[in-house]
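These notes concern the structure reproduced below.
Numbering (my numbering), first residue to last: 76 to 276.
Here it is, written out as structure tokens:
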């Protein structure tokens, strides 16, 4: 096995552990995938990984249910730095206007990964939100959505933002999507960092 392939596999392992340990609530091991300066960006939270763990635990205690599923992964390596893009879905179940619903958002995790003390760690995670949908758990029950509120939400994560707003989160409305200035800027920042530049948060 080449060094490059070994690094790519270990990076992929880190990403898979993130999803499994986070969704299982294995907080002690989940913390180990992060670089000490690791930061999480999401629709409902932006900040240091330790705070992300804390607020996720608080959400669990309130019944917030968010799960992650991973697909293919592509890694660009440059010494002790890497950019990993991983296909994913975010699945959230909850009440939407009183009706139990599943919201599924498809996109990518865009990860700034760095070697720290000999191991690959997540330094910065920025999801890219490509499209989403809402399905009532019982097809015979249809939620009556607030059309004006829904129209204010970004196309790539419209229904996800809707439910998160309704349950009390302050949702960031300028996250990267499949196309547009935000994702173009993310690619630029990734290329700059991979080439040895500073990480622009």
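Yeah, the Cβ is synthetic: ideal placement off N, Cα and C, and Gly gets one too. Please read these numbers as outputs of a predicted model, since none were measured by experiment.
Worksheet item: Which same chain residues, not among the five before or five after residue 205, have their C-beta less than 6 Å away from its C-beta?
Response: What you label residue 205 is simply residue 130 of the chain shown in a count that begins at 1. Answer for residue 205: 181, 182, 231, 253, listed in chain order.
Practice prompt. Please state whether DSSP places residue 195 in a helix, a strand or coil.
Written response: Taking the first residue of the chain shown as 1, we reach residue 195 at position 120. In this structure, residue 195 counts as strand in the three-state DSSP scheme.
Practice prompt. Over the uninterrupted beta strand (DSSP E) stretch that includes residue 151, give me the two end residues.
Written response: As a working note, residue 151 is residue 76 in the chain shown. It spans 140-153 - the beta strand (DSSP E) in which residue 151 sits, taken as one unbroken run.
Practice prompt. Look at residue 171 and residue 211 and say whether their C-beta atoms are less than 9 Å apart.
Written response: Locating residue 171 in the chain shown gives position 96, counting from the first residue. Locating residue 211 in the chain shown gives position 136, counting from the first residue. In this structure, residue 211 lies closer than 9 Å to residue 171 by Cβ.
Fill in: Burial state of residue 79 (16 or more Cβ within 10 Å)
What you label residue 79 is simply residue 4 of the chain shown in a count that begins at 1. It is exposed - the Cβ of residue 79 has fewer than 16 other Cβ atoms within 10 Å.
Discussion item. Quick check: what's the CA-CA separation for residue 243 versus residue 208?
Written reply: What you label residue 243 is simply residue 168 of the chain shown in a count that begins at 1. What you label residue 208 is simply residue 133 of the chain shown in a count that begins at 1. Residue 243 and residue 208: Cα-Cα distance of roughly 20 Å.
Worksheet item: Expressed to the nearest angstrom, what Euclidean distance is found between the alpha-carbon atoms of residue 148 and residue 185?
Response: Taking the chain shown and counting its residues from 1, one reaches residue 148 at position 73. Taking the chain shown and counting its residues from 1, one reaches residue 185 at position 110. Spanning the two alpha carbons is a distance of roughly 10 Å.
Worksheet item: Between residue 112 and residue 123, what straight-line distance do the alpha-carbon atoms span, to the nearest angstrom?
Response: As a working mapping, residue 112 is identified with position 37 in the chain shown. As a working mapping, residue 123 is identified with position 48 in the chain shown. Roughly 7 Å separates the two Cα atoms.
Discussion item. On the CB-based measure, 16 or more other CB atoms within 10 Å of its CB, does residue 161 come out buried or exposed?
Written reply: As a position in the chain shown, residue 161 is number 86, starting the count at 1. Answer is buried; the Cβ neighbour count reaches 16.
Worksheet item: How would you call residue 114, buried or exposed, if buried means at least 16 neighbouring beta carbons within 10 angstroms?
Response: In the chain shown, the residue the question calls residue 114 occupies position 39. Answer is buried; the Cβ neighbour count reaches 16.
Worksheet item: If you draw a straight line from the alpha carbon of residue 98 to that of residue 135, how long is it in whole angstroms?
Response: Mapped onto the chain shown, residue 98 falls at position 23. Mapped onto the chain shown, residue 135 falls at position 60. Those two C-alpha atoms are separated by around 10 Å.
Item to complete: Could you tell me the distance, in whole angstroms, from the CA atom of residue 301 to the CA atom of residue 267?
Response: With the chain running from 76 to 276 in the structure shown, residue 301 is simply not present.
Item to complete: Rounded to whole angstroms, what's the CA-CA distance from residue 193 to residue 249? Just pull it up for me.
Response: Indexing the chain shown from 1 puts residue 193 at position 118. Indexing the chain shown from 1 puts residue 249 at position 174. Cα-Cα distance, rounded: 35 Å.
Fill in: residue 195 versus residue 85 - alpha carbon distance
Your numbering for residue 195 matches position 120 in the chain shown. Your numbering for residue 85 matches position 10 in the chain shown. Approximately 7 Å between the Cα atoms of the pair.
Practice prompt. Reducing DSSP to helix, strand and coil, say where residue 132 ends up.
Written response: Residue mapping note: residue 132 aligns to position 57 of the chain shown, counting from 1. Residue state, collapsed to three classes: helix.
Item to complete: Using the Cα positions of residue 105 and residue 221, report the straight-line distance between them to the nearest angstrom.
Response: Indexing the chain shown from 1 puts residue 105 at position 30. Indexing the chain shown from 1 puts residue 221 at position 146. The straight-line gap from Cα to Cα measures roughly 37 Å.
Worksheet entry | Nearest-angstrom Cα separation, counted from residue 175 out to residue 128 | Counting from 1 along the chain shown, the entry for residue 128 is found at position 53. Counting from 1 along the chain shown, the entry for residue 175 is found at position 100. Each residue's alpha carbon lies about 26 Å from the other.
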